[in-house]
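Please read the structure below before turning to the comments.
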Amino acid sequence: MANVIHGVVRTDAMLATSASAGLFSFKYFGADGNAADIDNGCVVKLDGLMEGERELYKGISPAADTALSDIVLVGTPEVMYDERLRNLADFYNEAGTNCRGYMLHTGDTFSVTTSCVDAAAEIVKGDIVELQADTKLKVVKTPTAGSTKVGVVYDDVEQVGTLKYVVIRVA
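Add 29 to the 1-based position in the sequence shown for the numbering used here, that's all there is to it.
In structure tokens, the structure reads:
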């Protein structure tokens, strides 16, 4: 069995942690339309309620220009039923399971491990964080035309144990 490191999220200072109206339940569906695995720390677009549901949304990969109001940060509580799995990076949202998503608000601060972002260069404080046509966020030095800005890298990359976190402030 390969040792896969999954994404980890910290909800450092987010409005949705104390205002439950900013929390959403969803199931993630990949580009092929089938239920798919997704890591915490990724983002999805809420694509309406699932058929016959009142509170369960369909989550899909966003486009680069998806409105920030349609995006949630994946942050399901890390409950692992396999007693051999003890690290946060062992957890992922399995295909077909309900996931938790946090609505993003201006001023929110959250952190994701570096596996949850794509970056062409070293990530430093002040870099821009934007959407791309993927569930991973993209870190760039200058804004990309046609991409929705999520925020900025708020602090230098943090090393916590074996994990490296990118601290993001929503703009």
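All residues carry an ideal CB built from backbone N, CA and C; glycine is no exception.
**OP:** Taking 8 Å as the threshold, find out whether the region 128-140 comes into contact with the region 37-52 through three or more Cβ pairs.
**Re:** yes
Original post:
Per DSSP, what kind of secondary structure is ALA20 in: helix, strand or coil?
Top reply: A question about residue 20 goes unanswered here, because the residues of the chain that appear run from 30 up to 200.
**OP:** Note the first and the last residue of the continuous beta strand (DSSP E) segment covering ILE89.
**Re:** 85-89
Original post:
DSSP three-state call for CYS145: helix, strand or coil?
Top reply: helix
Subject >> Simplified DSSP state of GLY104, which is helix, strand or coil >> reply: coil
Subject >> For GLU159, the residue or residues it bridges with in DSSP >> reply: According to DSSP, GLU159 bridges with LYS167 and LYS178.
Subject >> Buried versus exposed, by CB contacts within 10 Å (16 or more), VAL189 >> reply: exposed
Subject >> beta-carbon ALA45 near the ligand SAM non-hydrogen atom, thresh 7 Å >> reply: For the ligand SAM, the structure offers nothing, since it holds no ligand at all.
**OP:** Report buried or exposed for ASN122, applying the criterion of at least 16 other Cβ atoms within 10 angstroms of its Cβ.
**Re:** buried
Original post:
Given that a residue counts as buried once 16 or more other Cβ atoms are within 10 Å of its Cβ, and exposed if not, what is ASN127?
Top reply: Counting Cβ neighbours within 10 Å, ASN127 comes out exposed, since fewer than 16 surround it.
Subject >> Where the beta strand (DSSP E) through CYS128 begins and ends >> reply: 128-132
Original post:
If PRO91 sits next to VAL73, beta carbons under 8 Å apart, how far is it from one beta carbon to the other, in whole angstroms?
Top reply: 7 Å
Original post:
Can you list, in chain order, the stretches of the beta strand (DSSP E) that have 3 or more residues and sit fully within the region 45-88?
Top reply: 52-57 and 72-78
**OP:** From the DSSP output, read off the bridge partner residues of VAL195.
**Re:** VAL141
**OP:** Give the range of the beta strand (DSSP E) segment to which VAL189 is assigned.
**Re:** Per DSSP, VAL189 belongs to the beta strand (DSSP E) from 187-189.
Original post:
So, GLY155 versus VAL186, is the Cβ gap smaller than 8 Å?
Top reply: no
Original post:
Going straight from the alpha carbon of MET79 to that of GLY88, what length do you get?
Top reply: Spanning the two alpha carbons is a distance of roughly 9 Å.
Original post:
Cα separation between VAL168 and ASN32?
Top reply: 26 Å
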